[in-house]
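Residue numbers (full-length UniProt numbering): 29 to 347. To keep things clear, I will list the structure first and then write my remarks on it.
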Ligand code: 13P
Ligand code: SF4
């Protein structure tokens, strides 16, 4: 804790000296989330991270999250310096949607409107008509479907099929998945609910259909945190990265938070409800980038200009 206090103090000083602000996701280490708030930055879902970074007057944005979040910040504020604690912090959705294959996929549906999840590379975003996050996907697709658009959706097939079920939109889905959420198990979840019939179930829509089907609330990380704070239930079963409990505990003190069961239950699960890439962000790696200026996100002005159009469309729609 002594070391930790010293690291936090040094990070705070460096942020001030460099006119920097720390923007963190709810899945990062609790110490980073709290430090972001203590130093005038924010902890948020991916939609709010994008908005906060683009509206904040800082010269340097330090993005604690995964790579697409840093890239989105750089695309929206190309003139700002964007640093990330670890440039290897990627996302299974982004990794499994390479631009060459994705462009071919789009070319085979020339009549379709291309909607991509924010969890993608700058190149994939630049090939899209709309970027969405889980917090805004439903109203945007509803809007597009009402205008008679057929939709290409990439890369998360679980979120895509959830959006399809909810909106009735005509959609073709890219076969991607999140390695964290696809491990939630529906039969074990049914069992857990039987043990806690008073509980509400909160589910992120990157989870499999049979898990979503049991949810009382389905939504983005921000939506799930709000639900935890406002629902009358004293017990909540939560199917998303468990580091979200940090903010839930702050906003819903006294409530009992239970982890939804995952594949293998502890011994053999791959992610065990913790995104390995989000976990690469630490006080040490954050301090190192502020000390050295390493790990700057680069997106060329030309690519940023193309990728900004569909992201800006989302932000304007969300207003
Ligand atoms: P949110 O937009 O809900 O924060 O989700 C981002 C993400 O990566 C979920 O796995
Ligand atoms: Fe990607 Fe899943 Fe990690 Fe979110 S939790 S960053 S979707 S791998």
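Where a beta carbon is used, it is the ideal one built from N, C-alpha and C, also for glycine. Since the model is a prediction, treat every value here as computed from it, not as a measurement.
Check: Secondary structure at residue 321, three-state DSSP: helix, strand or coil?
Finding: Reading the chain shown from its first residue, position 293 is the one you call residue 321. In this structure, residue 321 counts as coil in the three-state DSSP scheme.
Check: Does the Cβ of residue 156 lie closer than 7 angstroms to at least one heavy atom of ligand 2?
Finding: Residue numbering aside, residue 156 sits at position 128 when the chain shown is read from its first letter. Result no, Cβ not under 7 angstroms from ligand 2.
Next item on the list: Let me know if residue 223 comes out buried or exposed under the rule of 16 or more other beta-carbons within 10 Å of its beta-carbon.
Entry: Stepping through the chain shown from its first residue, residue 223 is reached at position 195. Under this definition residue 223 is an exposed residue.
Notebook entry, point to check: Pick out every residue whose C-beta is nearer than 5 angstroms to a heavy atom of ligand 1: which are they, in chain order?
Noted result: 73, 74, 161, 162, 248 and 249
Notebook entry, point to check: Taking only runs of the alpha helix (DSSP H) that begin and end inside the segment 220-292, which ones reach a length of at least 4 residues, in chain order?
Noted result: Fully enclosed alpha helix (DSSP H) runs of 4 or longer: 237-240, 249-258 and 273-279.
Check: Got a sec? Which residues, its chain only, sit under 8 angstroms from residue 324 by beta carbon, not counting five neighbours each side?
Finding: In the chain shown, the residue the question calls residue 324 occupies position 296. Counting only Cβ-Cβ distances below 8 angstroms, and skipping sequence neighbours, we find 109, 110 and 111.
Check: Among all the DSSP beta bridges, which residues are the ones paired with residue 184?
Finding: Counting from one through the chain shown, the residue named residue 184 turns up at place 156. DSSP output for residue 184 lists 204 as bridge partner(s).
Notebook entry, point to check: Roughly how many angstroms lie between the CA atoms of residue 76 and residue 30, to the nearest whole one?
Noted result: For the purposes of this step, residue 76 is taken as residue 48 along the chain shown, with counting starting at 1. For the purposes of this step, residue 30 is taken as residue 2 along the chain shown, with counting starting at 1. Distance between the alpha carbons of residue 76 and residue 30 is about 32 angstroms.
Checklist line | Rounded separation between residue 258 and residue 228 - CA only | finding: Locating residue 258 in the chain shown gives position 230, counting from the first residue. Locating residue 228 in the chain shown gives position 200, counting from the first residue. Roughly 11 angstroms between the two C-alpha positions.
Note to self: Using 8 angstroms as the threshold, is the C-beta distance between residue 202 and residue 133 below it?
What the structure shows: Here residue 202 refers to the residue found at position 174 when the chain shown is read from its first residue. Here residue 133 refers to the residue found at position 105 when the chain shown is read from its first residue. A contact, by the Cβ cut-off of 8 angstroms.
Next item on the list: Could you check how far apart the C-beta atoms of residue 96 and residue 147 are, in whole angstroms? I think they sit under 8 angstroms.
Entry: As a first step, residue 96 must be located in the chain shown, where it is residue number 68. As a first step, residue 147 must be located in the chain shown, where it is residue number 119. About 5 angstroms; that satisfies the 8 angstroms criterion.
Checklist line | Simplified DSSP state of residue 141, which is helix, strand or coil | finding: Here the question's residue 141 lines up with position 113 in the chain shown. DSSP places residue 141 in strand when its eight states are reduced to three.
Check: Name the DSSP beta bridge partners of residue 52, please?
Finding: Here residue 52 refers to the residue found at position 24 of the chain shown. Beta-bridge pairing links residue 52 to 71 and 92.
Next item on the list: Check whether the Cβ of residue 149 sits closer than 7 angstroms to any heavy atom of ligand 2, and report yes or no.
Entry: Stepping through the chain shown from its first residue, residue 149 is reached at position 121. A distance criterion of 7 angstroms places the beta-carbon of residue 149 beyond contact range of ligand 2, judged by its closest non-hydrogen atom.
Margin query: Would residue 309 and residue 165 qualify as a contact pair, given that the criterion is a beta-carbon distance under 8 angstroms?
Written below: Position 281 of the chain shown, counted from the first residue, corresponds to residue 309. Position 137 of the chain shown, counted from the first residue, corresponds to residue 165. No, the Cβ-Cβ distance between residue 309 and residue 165 is not below 8 angstroms.
Note to self: For ligand 2, I want to know if residue 181 counts as a neighbour, meaning its beta carbon is within less than 7 angstroms of at least one of the ligand's heavy atoms.
What the structure shows: Residue 181 sits at position 153 when you count from the first residue of the chain shown. Outside the cutoff, so no.
Next item on the list: Report the option in 129, 63, 219 and 291 whose CA atom is closest to the CA atom of residue 235.
Entry: In the chain shown, counting from the first residue as 1, residue 235 sits at position 207. Minimum Cα distance to residue 235 is reached at 291.
Note to self: Taking 7 angstroms as the cut-off, is the beta-carbon of residue 55 closer than that to any non-hydrogen atom of ligand 2?
What the structure shows: Here the question's residue 55 lines up with position 27 in the chain shown. Checking every heavy atom of ligand 2 against the Cβ of residue 55, one is found closer than 7 angstroms.
Notebook entry, point to check: For residue 157 versus residue 281, is the C-beta spacing smaller than 8 angstroms?
Noted result: What you label residue 157 is simply residue 129 of the chain shown in a count that begins at 1. What you label residue 281 is simply residue 253 of the chain shown in a count that begins at 1. Not a contact, by the Cβ cut-off of 8 angstroms.
Item checked: Residue from 33, 32 and 41 whose Cα sits closest to the Cα of residue 319 -> For the purposes of this step, residue 319 is taken as the residue at position 291 of the chain shown. It is 41 whose Cα lies nearest to the Cα of residue 319.
Check: Under 7 angstroms from any heavy atom of ligand 2, does the C-beta of residue 152 make it?
Finding: The residue given as residue 152 occupies position 124 in the chain shown. It does not: the Cβ of residue 152 is nowhere closer than 7 angstroms to a heavy atom of ligand 2.
Next item on the list: Could you round the C-beta distance between residue 152 and residue 119 to whole angstroms and report it? I think they count as a contact, below 8 angstroms.
Entry: The residue you call residue 152 lines up with position 124 of the chain shown. The residue you call residue 119 lines up with position 91 of the chain shown. Incorrect: roughly 12 angstroms between the Cβ atoms, too far for contact.
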